[in-house]
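This report refers to the structure that appears directly beneath it.
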Amino acid sequence: MATAPESLAPALPGTPLVKGAGRKSLLQRMVSNRRTSIAGAFLLLVAVVAVFAPLIAPYDYRDIVGKPLTPGGPLGIDDFGRDVLSRLLIGLRTSLGVALSAVLVAGVIGVVLGLVAGYVGRWVSTIIMRGIDVLLSFPPIVLAIAVVAILGPALVNVVLVIGVLYIPRFTRIVYSQVLSIRSMEYVEASEIMGTKPADILVKTILPNVAAPIIVQLSLSVSFAIQMEAGLSFLGLGAQPPLPSLGTMVGAGRDFLEVQPTLLIYPSVLIILVVLALNVFGDGMRDLLDPRHRT
Amino acid sequence: MRRFLVRRFTQAIVQLLLVGSIVFFLARLIPGDPARAALGDAATEEQVALTRAAMHLDEPFLGQFFGFWVRLFQGDLGTSLISGRAVMQDLPARIGNSLELVLLALAVSLVAGIALGRIAATRADKPSDHALVAGSIFGISLPVFVVGTLLLLVFAVLIPILPPRRFASPLDDPIAHLQILVLPVVTLAAASCAVVTRMTRAAMLETLNADYVRTARAKGLVEKRVIKRHALRTAMLPVVSMTTVELTTLIGSTVLVETIFGWPGMSSLLMNAVGQRDYPVIQAVVLAAATIVILVNLVGDLVIRAIDPRAEDN
Amino acid sequence: MAMMSRRSFLAGGAAALGTTTLAACGNPVTLPESMEAVRPNPGGPNRGGALHFGLSTDPANLDPHVSTGSASDYLRQLAYNGLVQYDGSGEIVADLAAEFGWTDEQTYKVRLRPDVRFHDGSTLTTEDVVFSFRRMMDEDTAATSGPLLDQVAAIEAVDATTVVFTFKQPDVAFPFALAAPTSTIVSRKWIESGANTKTQMMGTGPFRFVERIPGVSTTFVRFDDYFEPELPYLNAIVFQPMSDDYARVTALRTATVDMIDYVPATHVGVITGNPRLRFASDKTFGFGFVGFVTSWRPFDDVRVRRAVAMSINRPSVLDTALLGNGRPMDGALMPEIFAPYARQLDGSMPYDPEQAKYLLKQAGQEGLTLPVVTTSSYSVIARPTQAMLPGLRAAGMNVNLTQQEWLTFRASVAAQTFPVHSWGTAPKFGDPASLRDFIGGTGTFAKNLDFQDDKIDDLLDQGRRTADPALRNEIYLEAEKRALELVPMTYTVRREQGEAHYHYVRGYEHPPKGAWTATALRRTWMEKTA
């Protein structure tokens, strides 16, 4: 479960350095980049499928629909006689749901903390940023295991713990952006003109930090999916009969030689979604990174 | 320099204190009485009272807090509620085993990753670069437990060339010891290696385009020497900071890898304790892991400072 | 504590071990090669070697009288002996006893073997035997055999080698109580010296306890002064906890261990298909059940309990959860190999979701939500539980399933934290008298259910007093019928349960009938090392 450092910002080969592309709209530029647009389209598809999973799934994910461990149905039947496709769809929905909620928790708290620390400065920023350092001192999955073990294995606890663990990613980015933007003339000007600090934060600074936040969101979701899968694999995430991609991988191990697809399908799905998120995040960074936009 | 050292060490100490306090409060997160939670609802009042005393829960809150620190400085990390063993009896060896795995994986991923990253950067935009970049982003996207499960099946069961034999102490049988380590190290190193490749590539590309490199090139230096002399060395800085980040990640991932391969590291201690609600052991493992991360970051910062005195702290 | 064990271990005089044996604190014990080596012995079992055993749980409580599951029995029966034991065919034979038996209907006499030594060198006395049984009968011990000894009025040492049990009333089941894995004999001196019985073991058994490293290994070495000549053949047995099914089976297949317990149903095919492995199992004892806290609304209503019982599609549970490795249980709890009446009850609990719906409607509980707790530690329990869910939903019920780790689960069940639990276990011994544990008012499992029925208790008491087989058969048939009417618990499937080992591991037999016992491990030997 690789946690990419924040500075992981290499331009992918083939990604045009978007010099002078500033006039085109973001969407136009996205579409013009094949890799990013394919990843984006795939993610859109995944999102739609996840949202409508219960409607799309041919069967109820809990129902016995055939003889266990046989190839029946579109993707086979699992060891409990349930339809694998239906379970994959619901599993995808569970995993994405957990990851998105967790990142949303992290994003909201992290951005607010970063804005406050960057804008107010002084001891407030010291407290916040040292707190962030402390949070970063815990190896994420170790702390997650401990907290979930203490609070009990439940999806809401997984969301909370991943959410808290990912706060630093957002706080640090926003903090450094705010610091650099604050010193810019137009922000100083609006301060002199007596605009309220809250207004400055929301109207001037927030739009400027939006780009890196979006990039971080998509990368964080990819790590959150892996983290959820890892916790579920250890039995600390989704509880049966509700599937998540991680629990499906864990359960599939027992039938690796009888019906390897039980392990392969959820694994491939995790890899594809994470891959798409990474490619998309990278592409977005190239498009949005101010260093590349000048 | 001295100011930097003082600041950096103070920061590390403050972090340790805060981490310790968080770990102390972790056990207080437990809904209800931790002693009762540990023993289960069927325990008698006397048993609960004994456990409360063993966990120092019968003392006033501030007393608990300071007692926790006093015992910590005496090297007392508490006693397992389940086995009655002092945590310190097991923890050092387990952490040692985990670190062995983690450091080997780190070494493998750094060596391989830097080599691959260098190849990619010097052939930027050529097919081999594209392949490496695609490969590394794929590697980052592989969940460690999927890789581990598949490696175990293939190399231990189907084509048994690397059987995960019994634990052999490195002193008694170093070769067997390394043999057992191959699969977990490869599993652990895979994702890390991908990250290192990407970062090395990015850092080298940036320096290769930097002005002084262009100057050196203009002065007629052979391309190979340019790479060696200038680009690679400057690229080492991010590699060092990357090392510290990767170490943190690896210390986390090792929990999953150890579980899959049955490596007697901190994971066996942690997962066992998690299942049995053995809170003192959970606390001790979390505290130890976090302490290692803080120390790794401290050393990393010192090294960066030593390589590049201009580097700002943080 | 580890230091102490190590010192006493070395002082114990295992010269063969030299000084290099035990690895650093917390690391798995590494045995010297001399211990792993097997010495051929033409005309008899080979000597030496160390058996590596992948165990499904890491028994945390080593107390000689408290069982936390069959895994803990393996350990206990290596370090301790009982007065009697089950042999390879399930008959009760001598262990520490030289002679044993009823002298009249209410008196049982045991004469001890002479010259039995404890691991600390002291000699076994009748005083130790009396002390051990009093400890088991003391409620504070919470001994597993405690309830089996409730008819014992007194236990006395009549001379230096003889112990006499006297009874409140005749008790046909008493020999089974004596043979139970938890009816072990301890040293009075050792216990009274304040030894920690949870973390240390010191008995008369063929193997001495060396050290338990939580989550890593528990090691036993040969006790040279063991009273049975020749035994044990092995130098050492090392247990490695492997709670994950996949990990345990993989460890066996890669010869990391020589033997494993609890072969998961999902891997029976892989094991039996491997010519180098032997699967030693039975389909008789282990079974799954769903228990109801009968004082918890609405499960105090027998119609609701019956509705749940009738919504369990047992053949389907067997086919999915256990991949057919077992038998569905729609009648008696006791298997017919020791309960001749059992067949008469077959089919008493059919799968009938429509009838279940009707019963729920009558009880005013349509669309009932069941909070169910089970354990994730054993797939033989967790999987059948999952497999029941479709049937329950077909009858319009929702299930809120909570999975807990084994020890936590047992605590939740004992404390009745959930109104319904799904568990799996086995009768304590091979006689219908063991029904009392499940449906008798003082039974260990019945207590979890707040279940007590005068009529059943009366029948069980009669059965225990009655020696005539035909009469006993009728009595227990009645008791089981009544239990099927009242449904304090409903039985689901009998599971195939067994151990798997390489063919070079010899002399091990899965308990064939009677009760769960692990004494076969005392007689195990190795043809060669892995």
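Sequence lines, in order, name chains A, B and C.
Count along the first sequence from 1, add 17, and you get the number used in our numbering.
Count along the second sequence from 1, add 591, and you get the number used in our numbering.
Count along the third sequence from 1, add 1, and you get the number used in our numbering.
Quick reminder that beta carbons are idealized off the backbone N, C-alpha and C, glycines included.
On a predicted model such as this, the values are computed, not experimentally measured, just so you know.
- Below 8 Å, too few C-beta pairs join the stretch 248-255 of chain A and the stretch 118-136 of chain A to call them touching: fewer than three.
- Under the three-state reduction of DSSP output, Ser732/B falls in the coil class, being neither helix nor strand.
- The secondary-structure analysis by DSSP pairs Gln405/C across a beta bridge with Thr376/C.
- At least 9 Å separates the CB of Asp172/C from every CB of chain A.
- Residue contact with chain B for Asp96/A: absent (no Cβ-Cβ distance below 9 Å to any residue of chain B).
- Within chain A, the residues placing a beta-carbon under 9 Å from that of Thr267/C are Asp96, Asp271, Phe272, Val275, ordered along the chain.
- One alpha carbon belongs to Ser218/C, the other to Val258/C, and they sit about 12 Å apart.
- In the DSSP assignment, Leu105/A falls within the unbroken alpha helix (DSSP H) covering 101-137.
- Cβ-Cβ separation between Ile179/A and Leu620/B: approximately 16 Å, too far for a contact (criterion under 8 Å).
- Short of 6 Å from the beta carbon of Thr788/B, and not among the five residues preceding or following it, lie these beta carbons of its own chain, in chain order: Gly704, Leu707, Gly708, Ser727.
- In this model, Val175/A and Arg495/C are separated by some 36 Å (Cα to Cα).
- Spatial neighbours of Ala781/B in its own chain (CB-CB distance under 7 Å, excluding positions within 5 residues in sequence) are listed in chain order as Gly730, Leu733, Val738.
- Using a Cβ-Cβ distance cut-off of 8 Å, the stretch 179-193 of chain C and the stretch 512-520 of chain C are in contact, since at least three pairs of beta carbons, one from each stretch, lie closer than that value.
- With distances taken between CA atoms, Leu280/A lies nearest to Leu92/A out of Tyr78/A, Met146/A, Leu92/A.
- In its chain, beyond the 5 residues on either side, Glu128, Asp129, Phe132 have a beta carbon closer than 7 Å to the beta carbon of Arg189/C.
- Within the stretch 19-84 of chain C, the complete beta strand (DSSP E) segments at least 3 residues long are 51-56, listed from N- to C-terminus.
- Under the Cβ distance rule, Glu500/C does not count among the residues neighbouring chain B, no pair being separated by less than 9 Å.
- Residue burial annotation: Ala711/B is buried, with at least 16 other C-beta atoms found within 10 angstroms of its C-beta.
- Spatial neighbours of Ala427/C in its own chain (CB-CB distance under 6 Å, excluding positions within 5 residues in sequence) are listed in chain order as Phe286, Gly287, Trp517.
- Residue state for Asp105/C is assigned as strand, using DSSP reduced to three classes.
- Scanning its chain for C-beta atoms nearer than 6 Å, with the 5 sequence neighbours on each side dropped, one finds around Gln276/A the residues Leu86, in chain order.
- What Lys199/C touches in chain B, judged by beta-carbon distance under 7 Å, is Gly675, going in chain order.
- Annotation: Leu278/C is outside any alpha helix (DSSP H); the continuous beta strand (DSSP E) that includes it extends over 278-283.
- Per DSSP, Ser90/C lies in no alpha helix (DSSP H) and is assigned neither H nor E.
- Look at the stretch 180-257 of chain C and you find these whole runs of alpha helix (DSSP H), each 4 residues long or longer: 189-193, 246-254.
- Legend: CB atoms of the stretch 67-86 of chain A lying less than 7 Å from CB atoms of chain C belong to residues Arg79, Asp80, Ile81, Pro85.
- Put simply, the CB of Pro734/B is near chain A, with a gap under 9 Å to one of its CB atoms.
- The alpha-carbon separation between Glu691/B and Thr601/B amounts to approximately 28 Å.
- In this structure, Met335/C is the residue among Met335/C, Phe228/C, Pro354/C, Arg328/C with its C-alpha nearest to the C-alpha of Phe430/C.
- Of the residues assessed, Trp660/B falls on the exposed side of the cut-off, its CB having fewer than 16 other CB atoms within 10 angstroms.
- Leu889/B and Glu212/C have their C-alpha atoms some 38 Å from each other.
- At the C-beta level, Ile382/C and Gly289/C come within 9 Å of one another.
- With three or more CB-CB distances shorter than 8 Å, the stretch 648-668 of chain B counts as touching the stretch 605-620 of chain B.
- Setting aside the 5 residues that flank it on each side, Pro329/C is surrounded in the same chain by Arg315, Pro316, Leu319, Val494, each with a C-beta closer than 6 Å to its C-beta; the list follows chain order.
- With a beta-carbon spacing of about 32 Å, Arg51/A and Gly127/A fall beyond the 8 Å limit used to define contacts.
- For Gly891/B, the secondary structure class from DSSP, reduced to helix, strand or coil, is helix.
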